[in-house]
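Note sheet for the following structure.
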Amino acid sequence: MLEDVLYEVLPVIGFAICASSVLVLVVMRRAADAFQFTPMLEDVLYEVLPVIGFAICASSVLVLVVMRRAADAFQFTVWFAAIDLLTGLATLYAGFYGIFSTIYGRTGEVTTPFKCLSEAVHVSLWLFLDMYNMMLLSLFCFDRLLFMVVPVSYIKASRLYLNWPFILFLGVVSGVLVTPAFSLSVESYRNESILIPAFCRLDFVTGWDYYDSHSRAMQWMPIGGMGCIALALVLFGIRALKQRWLYNWSEEAHHSKQLFVAAFLRCFLMTVAVNMPLLLVFTASNSMQLLELRDVLVR
Numbered sequence: 001m002l003e004d005v006l007y008e009v010l011p012v013i014g015f016a017i018c019a020s021s022v023l024v025l026v027v028m029r030r031a032a033d034a035f036q037f038t039p040m041l042e043d044v045l046y047e048v049l050p051v052i053g054f055a056i057c058a059s060s061v062l063v064l065v066v067m068r069r070a071a072d073a074f075q076f077t078v079w080f081a082a083i084d085l086l087t088g089l090a091t092l093y094a095g096f097y098g099i100f101s102t103i104y105g106r107t108g109e110v111t112t113p114f115k116c117l118s119e120a121v122h123v124s125l126w127l128f129l130d131m132y133n134m135m136l137l138s139l140f141c142f143d144r145l146l147f148m149v150v151p152v153s154y155i156k157a158s159r160l161y162l163n164w165p166f167i168l169f170l171g172v173v174s175g176v177l178v179t180p181a182f183s184l185s186v187e188s189y190r191n192e193s194i195l196i197p198a199f200c201r202l203d204f205v206t207g208w209d210y211y212d213s214h215s216r217a218m219q220w221m222p223i224g225g226m227g228c229i230a231l232a233l234v235l236f237g238i239r240a241l242k243q244r245w246l247y248n249w250s251e252e253a254h255h256s257k258q259l260f261v262a263a264f265l266r267c268f269l270m271t272v273a274v275n276m277p278l279l280l281v282f283t284a285s286n287s288m289q290l291l292e293l294r295d296v297l298v299r
């Protein structure tokens with residue numbers, strides 16, 4: 001089933017790559033040399049974001065439709081697709097917000113962090129969805145580890161958390177965990193002398209302390225997830241050798257393989273998506289401008 005989903009999603013991803021590439025070619029057609037890349041980078045990114053957001057939404061809806069009857073641990077595909085759909089909508093909004101701000105010349109204007117919560121809605125959504133995604137991915141990795149620790153009673157134990165009420169509870173916990181991000185916004189509501197650029201960068205809205213903690217969590221959580229999967233595979237090897245590769249597993253072997261691959265790939269791709277743009281930011285010659293756009297690059 002996972003293979004079918006991947007092949008059905010590939011055309012959507014291919015269309016998104018083609019559309020975004022054409023958009024970049026149109027926007028950058030008059031760039032004569034490398035120096036013209038720097039001032040236009042911000043415009044290009046915000047113009048590409050709606051295309052990326054649309055692609056994320058389309059692929060997420062496709063996964064939701066195909067996997068709507070998923071059971072047991074395959075429900076993680078549905079839950080991740082739901083989070084990705086909301087992320088796509090937030091990215092779509094971020095693109096149009098950036099285009100609107102650029103067209104109407106708001107690049108030099110200032111606003112308060114509190115006003116950013118109502119105007120730049122994507123900021124709040126990104127913060128919440130980042131946390132929700134990390135919570136759900138941690139649960140997915142824990143699920144795979146639990147399967148190896150207690151393979152016989154796994155089905156009974158997993159019923160405690162493989163259900164919508166528990167996943168919604170994780171959403172509530174995620175919302176509570178991101179509330180410190182809005183302390184500066186609440187303070188600016190009482191003190192309007194706290195001003196930030198109207199583009200509403202994430203670190204300006206949340207304050208550096210929370211932003212740094214949030215970024216580090218996004219950097220290291222998927223690495224920890226890959227470590228958890230690696231530990232589960234080591235346990236599998238030990239248990240399989242001890243039992244001469246015969247054991248009363250509570251999942252079909254090919255299903256287990258698909259789920260382990262899905263969990264590892266989700267962690268690996270998140271690691272690449274977060275760390276590669278940050279590496280680019282701190283090594284590029286025009287790092288100051290890229291630093292301002294690092295959150296857009298990550299997403």
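In this note's numbering, the protein residues as written are 1 to 299.
Just so it is clear, CB atoms sit at the ideal spot from N, CA and C, and this is done for glycine as well.
These numbers were taken from a predicted model, which means no experiment stands behind them.
**Prompt:** Applying the criterion that 16 or more other CB atoms from any shown protein chain within 10 Å of the CB defines a buried residue, is residue 84 buried or exposed?
**Reply:** buried
**Reference residue 80; option with closest CA among 63, 94, 93** = 63
**Prompt:** Can the beta-carbon of residue 131 be found less than 8 Å from the beta-carbon of residue 174?
**Reply:** yes
**Request:** Quick one: using the 10 Å Cβ neighbour count with 16 as the cut-off for buried, is residue 140 buried or exposed?
**Result:** buried
**Asked** Using DSSP with H/G/I as helix, E/B as strand and the rest coil, what is residue 196?
**Response** strand
**Asked** Which residues in the same chain as residue 279 place their Cβ atom closer than 6 Å to its Cβ, once the five residues preceding and following it in sequence are excluded?
**Response** none
**Request:** Can you have a look at residue 209 and say buried or exposed, based on whether 16 or more other CB atoms are within 10 angstroms of its CB?
**Result:** exposed
**Asked** With DSSP run on the structure shown, which of helix, strand or coil describes residue 206?
**Response** helix
**Request:** Kindly indicate the opening and closing residues of the alpha helix (DSSP H) around residue 112.
**Result:** Counting along the chain, residue 112 falls outside any alpha helix (DSSP H), and DSSP gives it neither H nor E.
**Item:** Simplified DSSP assignment, three categories, for residue 135
**Value:** helix
**Prompt:** For the candidate residues 299, 256, 224, whose alpha-carbon lies nearest to that of residue 147?
**Reply:** 256
**Prompt:** Any contact of the segment 85–97 with the segment 50–66, i.e. 3+ C-beta pairs under 8 Å?
**Reply:** yes
**Request:** Determine the closest residue to residue 179 out of 298, 266, 117, with distance taken between C-alpha atoms.
**Result:** 117
**Prompt:** CA-CA distance, residue 33 and residue 201?
**Reply:** Model confidence at residue 33 stands at a pLDDT of 43, short of 50, so the residue's coordinates are unreliable and nothing is read from them.
**Asked** Exposed or buried, which one is residue 112 when buried takes at least 16 other CB atoms within 10 Å?
**Response** buried
**Message:** Let's test the definition: count the other Cβ atoms within 10 Å of the Cβ of residue 196 and tell me whether it reaches 16, buried, or not, exposed.
**Reply:** buried
**Request:** Taking residue 271 as part of the alpha helix (DSSP H), name the residues at either end of that continuous run.
**Result:** 253–283
**Segment limits, alpha helix (DSSP H) that includes residue 97** = 75–103
**Prompt:** Could you give the distance in angstroms between the alpha-carbon of residue 241 and the alpha-carbon of residue 228?
**Reply:** 20 Å
**Request:** Would you kindly work out how many angstroms separate the C-alpha atoms of residue 237 and residue 149, rounded to a whole number?
**Result:** 12 Å
**Asked** Which of the three DSSP states, helix, strand or coil, is assigned to residue 151?
**Response** coil
**Asked** Do you know how far the Cα of residue 69 is from the Cα of residue 138?
**Response** 23 Å
**Asked** By Cβ distance below 6 Å, which residues in the same chain neighbour residue 295 in space, the five residues on each side in sequence not counted?
**Response** 202
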